[in-house]
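Every number in my numbering is 75 more than the matching position in the sequence shown, counting from 1.
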Amino acid sequence: MSNVAVVGSANLDLVIEVGRPPEAGETVLGSAYSETPGGKGLNQATASARITTTSFIGAVGTDTAGKDLTDRLLSGAVGIGQLRRVDLPTGRAIVVVTPEGENSIIVLPMANSALQPDHVGQALTAEGPSVVMCQLEIPIESVAAAESWCVKNDARFILNPSPVADIPPVLLKSADPLVLNRTEAEELLGAAHGLHTGSELAQLLAAQAKSVVVTGGSSGAWVVDQRQTGHIPGLDVPVKDTTGAGDTFTGTLAAHLALGAELIDAVTHANAEAARIVQLDRLAR
């Protein structure tokens with residue numbers, strides 16, 4: 076049994092540090108390379124497990140990468156009783172990181188695509204969480220299965236719609252909260268980049284979800300729910316690497332909600348934890 080269940084992806088991150096990202100048709104030299112456990116689901120589960128009992132529902136391959144990711148979940152005190160091991164390569168993500176700590180990512184789902192709706196429903200029944208968190212690096216049908224389970228079992232459904240895709244309205248309607256960054260919010264709304272403030276984006280999305288959290292990195296986060304709206308200011312910290320900061324934010328948020336915090340208080344905790352993480356080298360996290 077767990078307070079939080081994360082239904083999501085686990086990837087081996089192939090991280091390349093560069094002076095600047097390449098332009099289209101251009102080749103640039105990298106300055107460093109590393110391989111680290113990642114995937115939105117794994118990262119969020121690890122962050123949540125620092126605070127409360129958390130299980131991970133996902134799929135990895137039977138390869139070495141799958142074992143490494145399983146070991147990372149175990150070392151982070153994440154429950155893996157519902158982790159599937161399938162005859163596919165474990166998911167990969169190519170992460171390009173600049174000296175400023177900014178990143179761009181390409182995800183190859185592979186084993187993550189084998190996470191099926193029936194397994195999700197059975198796994199959630201076995202774990203009985205009060206909060207379920209999903210992203211979109213797994214099949215949308217599996218996300219829908221998680222949402223359906225939450226509705227039937229009066230559990231809180233948190234949706235991080237990343238990468239942004241064609242999302243059935245019912246999933247947005249159930250999200251409590253919908254958690255996404257400003258770029259994702261603009262994409263989901265079909266809005267031009269920079270046209271709306273973070274507060275405006277949160278208000279617009281609140282018409283589609285139970286509650287909304289729009290993150291803005293150093294600019295903080297904007298919160299809208301049925302009881303209150305607010306802005307949690309960003310923290311001025313030296314940044315080494317922003318990779319995984321959003322996942323840390325979302326996982327921390329879910330854990331505090333599971334423990335009974337109000338949304339705006341949970342966002343405050345999540346904001347502080349994300350600020351702590353970006354100051355650390357990936358290998359030190």
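Where is the CB? At the ideal position from N, CA and C, for every residue including glycine.
{"query": "Got a sec, what are the start and stop residues for the alpha helix (DSSP H) Arg351 sits in?", "result": "338-353"}
{"query": "Going by DSSP, name the residue or residues bridged to Trp297.", "result": "Val289, His306"}
{"query": "Let's see if you can read the secondary structure: which residues bound the alpha helix (DSSP H) around Ala230?", "result": "Premise fails: Ala230 is in no alpha helix (DSSP H) and is neither H nor E."}
{"query": "Nearest by alpha-carbon distance to Gly42: which of Gly319, Gly291, Val299 is it?", "result": "With the chain covering 76 to 360 only, the question about residue 42 has no answer from this structure."}
{"query": "Is the distance from the Cβ of Leu355 to the Cβ of Val206 below 8 Å?", "result": "no"}
{"query": "I'd like to know whether the C-beta atoms of Gly141 and Arg160 end up nearer to each other than 8 Å.", "result": "yes"}
{"query": "Skipping 5 residues on each side, what residues in its chain have a beta carbon closer than 6 Å to that of Pro252?", "result": "Ser286, Val287, Val288"}
{"query": "Taking the CB atoms as reference points, tell me whether Thr325 and Ile352 lie closer together than 8 Å.", "result": "no"}
{"query": "Have a look at the DSSP bridge pairing and note the partners of Ser84.", "result": "According to DSSP, which records beta bridges pairwise, Ser84 is partnered with nothing at all."}
{"query": "Who are the near neighbours of Asp88 in its chain, counting only those whose CB is closer than 6 Å to its CB and skipping five residues on each side?", "result": "Thr111, Gly113, Ala168, Val170"}
{"query": "Out of Thr137, Val82, Asn178, which has the shortest C-alpha to C-alpha gap to Gly94?", "result": "Asn178"}
{"query": "Do you know offhand how far Ala134's Cα is from Lys227's?", "result": "24 Å"}
{"query": "Start and end of the beta strand (DSSP E) containing Glu110?", "result": "105-113"}
{"query": "Using only CA atoms, which one of His306, Ser217, Asp229, Ser150 lies nearest to Ile339?", "result": "His306"}
{"query": "By how many angstroms is the C-alpha of Gly100 removed from the C-alpha of His344?", "result": "42 Å"}
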